[in-house]
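Add 37 to a position in the sequence shown, counting from 1, and you land on the number used in this note's numbering.
For each residue, glycine too, the CB sits at the ideal point set by N, CA and C.
Predicted model only: the values in this text are computed from it and were never measured.
Here is the structure we will look at.
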Amino acid sequence: MVHEFLDSGNKHFVSGSKGLGKTLLLTYKRSLLSDQYQAGTGKGQAAVKFVPEGRPYLDLMGDLPSLRQATIDLLTSLERCKRLWGFALRLSALSHHPALLQRGDEEILARLPPQLRVIAEGRQAEPTMIAKELLALPPKQINQVIDGCENFLEHKIRSLHSAMFVFIDKLDQALRQLPRAAWVHMQAGMIEAAWDLMNTNRHIKIFATIREEAFSGYESDIKTNLYGATSVLRYSKHDLLELLDKLTYFYERLPLRDFVALDVGRTFDFIYRHTLGRPRDLVIIASEISRNRRALDEPTFERTVQETAAGMLVANIFDEMGVFLEVLRDRDQRGRFLAMLPYNVMTADELVELWCRYHGVDREYYELHGHEAAEVYHPFRELYDCGLLGVIVRDPATGLRSCSAFASRTTPPSASAVACRARATTCCTRPCRRWCAGSAAACSSTRSASSSSATASPGPATPAPRSTSSASCSAGPRATISRPSTRS
């Protein structure tokens with residue numbers, strides 16, 4: 038999928054969860070296009086306008102200022118977000134081509150607030166800067182500005198005959214304080230507005246990234262068209278092994294087998310089990326291994342991987358997935374919940390008892406309301422959404438529980454519980470002494486994963502399987518549940 042995005046002229050958007058390399062890929066795409074269209078001088082160099090110009094290579098949206106509640110409510114609508122981005126993209130294009138303005142346009146420009154008027158008159162601005170200027174206005178004025186200038190900007194864009202490439206990144210990070218609906222629709226609205234603009238004027242090309250959780254988490258009548266223009270980043274285990282081997286050779290001038298000086302197959306399996314299957318995780322763990330390489334024996338290697346996974350990777354997941362969390366988003370609540378986990382393997386009945394104790398209710402309440410009560414949060418489902426709750430998979434040939442399948446970080450949280458139910462043999466959480474830095478959580482003992490289990494059936498709002506199952510919680514997001522490590 039990497040070469041597909043870099044080499045194809047029809048791929049404009051990169052979708053993926055955090056840590057998969059979307060920014061790097063978009064930056065490289067910009068570099069390739071710059072070499073292609075701006076390598077020379079004179080006419081060739083002036084043929085294409087790149088936005089932003091120079092460095093940074095990408096239009097990186099900064100953090101949003103505090104927004105009015107009415108503005109936040111406006112952003113929960115996909116259609117309004119799409120119109121806002123349509124305005125921002127068109128005004129940005131106009132700011133880079135002020136020659137499109139004609140005598141008599143002053144009356145239309147006068148409708149714009151001063152900070153937007155100077156942009157329309159030729160002060161170059163990126164789309165995300167214009168979007169932030171719009172969001173600083175009262176909601177009523179936002180609608181008035183867009184309504185008053187929409188046709189004007191559309192006419193100007195249709196008369197543009199110069200090539201223009203725009204690169205937009207990191208909306209998800211800038212929008213992380215917004216509620217879930219606004220977070221999703223602001224990203225989706227941007228790529229839909231970009232798609233419409235490119236169809237309006239073929240001289241304009243827009244390349245952007247979007248979080249997979251947002252791309253998969255909304256509905257639209259043109260979404261099918263967007264799939265053909267979007268490269269979805271996913272890496273197999275073999276892809277990640279090749280990537281790690283290349284990284285160690287590039288930075289250490291050593292192949293992976295010499296870098297770790299241990300059995301490569303077992304070594305990579307161990308590293309992989311303690312990641313969420315992302316290149317960023319491998320880089321972080323490899324960096325820590327490099328620091329300890331002079332004294333690297335097997336115990337040191339295992340301890341380094343486990344401590345890095347528990348202290349950095351898992352802790353960061355709660356921040357990255359914060360927009361989808363209710364219980365585990367708050368550090369104190371997260372610590373209180375994780376500290377209640379008595380050990381790393383629990384039956385479904387024990388999970389229910391823990392759920393009741395966490396919420397301060399009795400078992401009867403859970404049986405009556407716990408599965409569907411909107412006001413009661415389900416921390417075990419949130420662990421699954423974060424990729425920290427697994428499903429034990431049985432080998433169809435032997436019937437043995439040979440591996441653990443965890444929620445894919447590219448599966449939208451809204452669908453994750455359904456996916457779990459569809460493939461579940463046994464549901465499991467995971468074990469560690471340090472889920473996050475400073476957490477009081479301690480899962481110190483290990484129970485055999487060979488305890489009796491039955492088919493789990495966690496519904497979309499159910500925190501734990503109803504039938505008997507094994508559950509384990511672990512720092513290593515891909516630890517094998519059938520043989521849980523006795524070390525943490």
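State yes or no: is the C-beta of residue i within less than 9 Å of the C-beta of residue j?
i: methionine 98; j: leucine 270; result: no
i: alanine 130; j: valine 203; result: yes
i: cysteine 393; j: tyrosine 402; result: yes
i: alanine 157; j: leucine 146; result: yes
i: isoleucine 326; j: valine 297; result: yes
i: lysine 119; j: glycine 185; result: no
i: leucine 350; j: aspartate 318; result: yes
i: alanine 231; j: leucine 126; result: yes
i: leucine 278; j: tyrosine 286; result: no
i: glycine 56; j: glutamate 357; result: yes
i: tyrosine 309; j: lysine 283; result: no
i: aspartate 276; j: threonine 246; result: no
i: leucine 121; j: isoleucine 183; result: yes
i: arginine 371; j: serine 52; result: no
i: leucine 128; j: isoleucine 179; result: no
With distances taken Cα to Cα, identify the nearest neighbour of residue i among the options.
i: glutamate 531; options: His311, Glu158, Gln161 and Pro150; result: Given a span of 38 to 525 for the chain in the structure shown, any question on residue 531 remains unanswerable.
i: tyrosine 264; options: Glu158, His40, Asn47 and Leu43; result: Asn47
i: glutamate 200; options: Gly302, Gln73, Val85 and Asn353; result: The sequence shown places alanine at residue 200, not glutamate. Comparing Cα-Cα distances from alanine 200 to each of Gly302, Gln73, Val85 and Asn353, the minimum goes to Val85.
i: leucine 115; options: Met349, Tyr74, Ile194 and His222; result: His222
i: phenylalanine 355; options: Thr341, Lys260 and Asp367; result: Asp367
i: arginine 92; options: Leu375, Ile228, Arg294 and Ser71; result: Ser71
i: glycine 424; options: Phe87, Ala352, His192 and Gly407; result: Ala352
i: histidine 396; options: Met383, His415 and Glu404; result: His415
i: valine 320; options: Leu333, His311, Leu281 and Glu289; result: Leu281
i: leucine 197; options: Pro164, Leu215, His240 and Arg213; result: His240
i: tryptophan 220; options: Ile109, Met383, Val39 and Thr345; result: Ile109
i: histidine 1; options: Asn262, Val155, Leu313 and Leu121; result: Residue coverage of the chain in this structure runs from 38 to 525, which leaves residue 1 outside it and unanswerable.
i: leucine 101; options: Glu191, Ala162, Lys66 and Arg213; result: Arg213
i: serine 45; options: Lys66, Leu61 and Lys260; result: Lys66
i: tyrosine 94; options: Leu104, Gln106 and Ser68; result: Ser68
First and last residue of the alpha helix (DSSP H) that includes residue i?
i: threonine 285; result: 274 to 289
i: serine 71; result: 59 to 75
i: arginine 418; result: 416 to 422
i: glycine 226; result: 217 to 237
i: leucine 293; result: 293 to 297
i: phenylalanine 338; result: 335 to 345
i: aspartate 356; result: 351 to 357
i: alanine 162; result: From DSSP, alanine 162 is part of no alpha helix (DSSP H); its letter is neither H nor E.
Which of the three DSSP states, helix, strand or coil, is assigned to residue i?
i: lysine 193; result: helix
i: alanine 147; result: coil
i: serine 52; result: strand
i: alanine 493; result: With a pLDDT of only 29 at alanine 493, under the threshold of 50, the placement of this residue in the model should not be trusted, and no figure is reported.
i: alanine 173; result: coil
i: methionine 38; result: coil
i: serine 129; result: helix
i: leucine 43; result: helix
i: methionine 377; result: coil
i: leucine 104; result: coil
i: tyrosine 255; result: coil
i: glutamine 214; result: coil
i: asparagine 262; result: helix
i: proline 316; result: helix
i: histidine 134; result: coil
i: asparagine 180; result: helix
i: glycine 407; result: helix
i: glutamine 139; result: coil
i: leucine 391; result: helix
Hey, could you find the ends of the beta strand (DSSP E) residue i is sitting in?
i: arginine 248; result: 241 to 248
i: lysine 86; result: 85 to 88
From the DSSP output, read off the bridge partner residues of residue i.
i: phenylalanine 202; result: Phe87 and Lys242
i: serine 268; result: Val51
i: leucine 97; result: Asp206
Say yes only if the C-beta of residue i is nearer than 8 Å to one or more non-hydrogen atoms of the ligand GDP, and no if none qualify.
i: aspartate 356; result: With respect to small molecules bound, the structure shown includes none, and the ligand GDP cannot be examined in it.
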